Amino acid sequence: MIIAIDGPAASGKGTLSKKLAAQYGLPHLDTGLLYRGVAKSVIDNGAGLQDRTAAEKAAKSLNLASFDEISLKSHQVGDAASVVSAYPEVRAALVDLQHRFAAQPKGAVIDGRDIGTVICPNAEVKIFVTASPEARAERRVLELRGRGEAPDAAKILADILARDERDRNRAASPLIQADDAHLLDTTHLSIDAAFQAAIDIVEAVRAGRRA
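Numbering (our numbering), first residue to last: -4 to 206.
1) Just the Cα atoms here: how many angstroms apart are A189 and G27?
2) Suppose contacts are defined by Cβ-Cβ distances below 8 Å. Is V37 in contact with A60 by that definition?
3) Give the straight-line distance between the Cα atoms of G32 and L137, rounded to the nearest whole angstrom.
4) Give me the residue from R134, P3, A202 and I(-2) with the minimum Cα distance to Q99.
5) Is the segment 112 to 129 touching the segment 166 to 186 in the sense that three or more CB pairs, one from each, lie closer than 8 Å?
6) Is the distance from the Cβ of K35 to the Cβ of V72 below 8 Å?
7) Starting from the Cα of A173, find the closest Cα among V197, N117 and N40 and give me that residue.
8) Measure the Cβ-Cβ separation of R131 and A42 and say whether it is below 8 Å.
9) Given 8 Å as the limit, is there contact between the segment 71 to 87 and the segment 162 to 171, that is, 3 or more CB pairs closer than that?
10) Would you mind working out which of I0, S6 and H70 sits nearest A145, comparing C-alpha positions?
11) Of the choices L24, T112 and A75, whose alpha-carbon is the least far from that of R95?
12) Looking only at DSSP bridge pairs, what is K121 linked to?
13) Which stretch, first to last residue, makes up the beta strand (DSSP E) that contains H23?
14) Please classify S56: is it buried, with 16 or more other beta-carbons within 10 angstroms of its beta-carbon, or exposed?
15) Shortest alpha-carbon distance to A192 belongs to which of S6, I110, L11 and D91?
16) Could you please give the first and the last residue of the uninterrupted beta strand (DSSP E) stretch that includes I105?
17) Between R108 and L170, which are expected to be in contact by the criterion C-beta below 8 Å, what is the C-beta distance as a whole number of angstroms?
18) Using the Cα positions of A88 and S77, report the straight-line distance between them to the nearest angstrom.
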């Protein structure tokens, strides 16, 4: 069973994906980390984010084993990832890796922004997770404060709106809800309530397939 989870930044898709993977005993891939890894590599090598050749090279040489998730989760890297993820050559370089992950015998839970539309269009379950920009900004502020940072709430909201704009309007694999994806708005839901809603969606789809 492949569960494809898509949605904008800080919508809760990552948390839900991890919990669903644990619930159903499936491997999980946060594809956002792939693009963050590319962005961090570009930054660490001293190249500019507008250097598409450097970004493509970083994508082709990406090493998942060397990922430091804490450093990849920084706000700076997240913004940079939104820039490099718009490059078609970067996305193309990472497609094969994502396809191999999805092809595992048991299936997988994969989250990102184009999983249900591009990476796994035939996924058994597709969920599009969203929330208001204000709710997502508040979550990101709390997350960063929890890491000891002192984020500017207004800047966080502006950054999220800018990322939404880039993600929706990029030429390569824009962020859109797949026609057969179930919409899950987490604006007013706790983590537990959102998780239960996600389980309900998965179980409804499985029941429909068995019928």
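Heads up, the beta-carbon is just placed ideally off N, CA and C, and yes, glycines get one too. A quick note: this is a predicted structure, and the numbers were derived from the prediction, not measured.
If we stick to the structure as given:
1) To locate residue 189, count along the sequence shown from 1; it is residue 194. To locate residue 27, count along the sequence shown from 1; it is residue 32. Their backbone Cα atoms lie some 20 Å apart in a straight line.
2) Taking the sequence shown and counting its residues from 1, one reaches residue 37 at position 42. Taking the sequence shown and counting its residues from 1, one reaches residue 60 at position 65. Their beta carbons are not under 8 Å apart, which means V37 does not touch A60 by this criterion.
3) Residue numbering aside, residue 32 sits at position 37 when the sequence shown is read from its first letter. Residue numbering aside, residue 137 sits at position 142 when the sequence shown is read from its first letter. The alpha-carbon atoms of G32 and L137 are separated by roughly 23 Å.
4) For the purposes of this step, residue 99 is taken as the residue at position 104 of the sequence shown. Residue I(-2) is the option with its Cα nearest to Q99.
5) With contact defined as three or more Cβ pairs closer than 8 Å, the segment 166 to 186 and the segment 112 to 129 are in contact.
6) Working through the sequence shown from its first residue, we reach residue 35 at position 40. Working through the sequence shown from its first residue, we reach residue 72 at position 77. Contact flag set, yes.
7) Numbered from its first residue, the sequence shown carries residue 173 at position 178. It is N117 whose Cα lies nearest to the Cα of A173.
8) Counting from one through the sequence shown, the residue named residue 131 turns up at place 136. Counting from one through the sequence shown, the residue named residue 42 turns up at place 47. Taking 8 Å as the cut-off, the Cβ atoms of R131 and A42 do not count as close.
9) They touch, by the three-pair rule.
10) As a first step, residue 145 is located in the sequence shown; it is residue number 150 there, counting from the start. Out of I0, S6 and H70, H70 has the C-alpha closest to the C-alpha of A145.
11) Taking the first residue of the sequence shown as position 1, residue 95 is located at position 100. Answer by Cα proximity: L24.
12) By one-based count along the sequence shown, residue 121 stands at place 126. Residue pairing from DSSP places K121 in a beta bridge opposite A(-1).
13) The residue labelled residue 23 in the question sits at position 28 within the sequence shown. DSSP places H23 in the uninterrupted beta strand (DSSP E) bounded by H23 to D25.
14) Counting from 1 along the sequence shown, the entry for residue 56 is found at position 61. Exposed, by the Cβ-count rule.
15) Numbered from its first residue, the sequence shown carries residue 192 at position 197. Answer by Cα proximity: L11.
16) For the purposes of this step, residue 105 is taken as residue 110 along the sequence shown, with counting starting at 1. That run of the beta strand (DSSP E) goes A103 to G107.
17) Residue mapping note: residue 108 aligns to position 113 of the sequence shown, counting from 1. Residue mapping note: residue 170 aligns to position 175 of the sequence shown, counting from 1. Correct: roughly 4 Å between the Cβ atoms.
18) For the purposes of this step, residue 88 is identified with residue 93 of the sequence shown, where counting begins at 1. For the purposes of this step, residue 77 is identified with residue 82 of the sequence shown, where counting begins at 1. A straight-line Cα-Cα distance of about 16 Å links A88 and S77.
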